[in-house]
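What follows is a single structure, written as structure tokens, with notes after it.
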Amino acid sequence: MAKNVCSRNLTDTQAFIIASVNVLFAVIGVFGNALVFVIVARNRRLHTVSNLFIISLALADLLVCIVAQPMYAAFLFGLPHDPIYSVVRKSFSFVSLLASISSLVAVTVERYTAIASPMKYQRRANLTNVLVLLFIIWSLSIGMGIPPGIRFIAVYYVMSLVLIIYPINLYIYIIARRQARSIAKQVGHLGKSSQGKNEKENIAAKTIGSVVAVFAICWVPLIVTALIYQYGNCGKLYLALKWSQTLGLCSSAVNPVIYCLKTQIFRKELKDICRRVFRGSSSQDKAEFI
Numbered sequence: 142m143a144k145n146v147c148s149r150n151l152t153d154t155q156a157f158i159i160a161s162v163n164v165l166f167a168v169i170g171v172f173g174n175a176l177v178f179v180i181v182a183r184n185r186r187l188h189t190v191s192n193l194f195i196i197s198l199a200l201a202d203l204l205v206c207i208v209a210q211p212m213y214a215a216f217l218f219g220l221p222h223d224p225i226y227s228v229v230r231k232s233f234s235f236v237s238l239l240a241s242i243s244s245l246v247a248v249t250v251e252r253y254t255a256i257a258s259p260m261k262y263q264r265r266a267n268l269t270n271v272l273v274l275l276f277i278i279w280s281l282s283i284g285m286g287i288p289p290g291i292r293f294i295a296v297y298y299v300m301s302l303v304l305i306i307y308p309i310n311l312y313i314y315i316i317a318r319r320q321a322r323s324i325a326k327q328v329g330h331l332g333k334s335s336q337g338k339n340e341k342e343n344i345a346a347k348t349i350g351s352v353v354a355v356f357a358i359c360w361v362p363l364i365v366t367a368l369i370y371q372y373g374n375c376g377k378l379y380l381a382l383k384w385s386q387t388l389g390l391c392s393s394a395v396n397p398v399i400y401c402l403k404t405q406i407f408r409k410e411l412k413d414i415c416r417r418v419f420r421g422s423s424s425q426d427k428a429e430f431i
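So the sequence shown is numbered by the numbering used here: it starts at 142 and just counts up by one.
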């Protein structure tokens, strides 16, 4: 293995810009992912198996936005120079990354089963099975993410899941298109409930597909850059590594935006929450004025 002689120095301007981007997205991510919890809790129609995995993903994203990303920004600002601080920061980053990709794989398989084998899905999609699976996901994430000595296993684990998840999503897309064409041909013979159910399944599949695509766009560059960095001999590679780490962390703020863009019920609940908040603040201002 070639010796790594890359410069580990950023200019003050570079460090300030990267740290500021992390702080901004951390704040956005905290509010966005907290809203995911509130929206799902408010609407009983969102109390589904799929959304339990979405809640798990939102929890992983909150870990990033509340702990890992602010600590990373502080590290870029130069505070503090403590090995324990670095270990804690990396541990939270690894745990959230592992929990995110594992939850994405779980919800992708769940969507595949719901679309490809509806009868099997009805038998297996229950609260007990999902809670057991989530317990396994978080146990594995903590077990592989915290001990520094086995993090190389975590990297290969993430890469393997990324390779697995894309063929499944592609197959889901193919099945969804096939079902949409079938529904279009038989629209006169199907009831509205059957059409609505298929449309709901397809929207959910597309939403998860978008989340998976964003995950890959944000995290794959970090995996590739980190591997290249092991053999690099150019100072610019360190800057690329810092930006790719930032891109990966910022993905935690993007998922709530996808839910609102892709899912009408999320948009409706968000508008209702905003309406209540602004109406409440407006009433308070009037009371104070009177």
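Backbone N, C-alpha and C define an ideal beta-carbon position, used for all residues, glycine too.
Exposed unless 16 or more other CB atoms sit within 10 angstroms - verdict on residue i
i	result
residue 286	buried
residue 161	exposed
residue 238	buried
residue 268	exposed
residue 397	buried
residue 219	exposed
residue 416	exposed
residue 419	exposed
residue 290	exposed
residue 312	exposed
residue 174	buried
residue 246	buried
residue 310	buried
residue 198	buried
residue 182	exposed
residue 301	exposed
residue 154	exposed
residue 248	buried
Reference residue i, options the options, closest by Cα
i	options	result
residue 296	204, 405, 265 and 234	234
residue 368	355, 358, 359 and 382	382
residue 243	252, 277, 311 and 213	277
residue 184	413, 366 and 419	413
residue 387	361, 352, 222 and 223	361
residue 445	359, 363, 259 and 365	Absent from the structure is residue 445, since the part of the chain shown begins at 142 and ends at 431.
residue 404	378, 186, 170 and 283	186
residue 168	407, 203 and 271	203
residue 299	176, 177, 353 and 195	353
residue 279	179, 241 and 151	241
residue 355	384, 303 and 315	303
residue 293	358, 364, 265 and 248	364
residue 433	152, 180 and 170	A query on residue 433 cannot be resolved here, the shown segment of the chain reaching from 142 to 431 and no further.
residue 152	283, 217 and 264	217
Unbroken alpha helix (DSSP H) run spanning residue i, endpoints
i	result
residue 371	Neither: residue 371 is in no alpha helix (DSSP H) and is coded neither H nor E.
residue 195	190-204
residue 153	153-183
residue 269	268-286
residue 249	224-257
residue 215	210-218
residue 398	396-403
Worksheet item: Are the region 386-402 and the region 152-170 touching by the rule of at least three beta carbon pairs closer than 8 angstroms?
Response: Short answer: they touch.
Discussion item. With three or more beta-carbon pairs closer than 8 angstroms as the criterion, would you say the region 171-191 touches the region 247-265?
Written reply: yes
Worksheet item: Any chance the region 193-212 sits against the region 225-233, with 3 or more Cβ pairs inside 8 angstroms?
Response: Taking 8 angstroms as the limit for Cβ pairs, the verdict is that the region 225-233 does touch the region 193-212.
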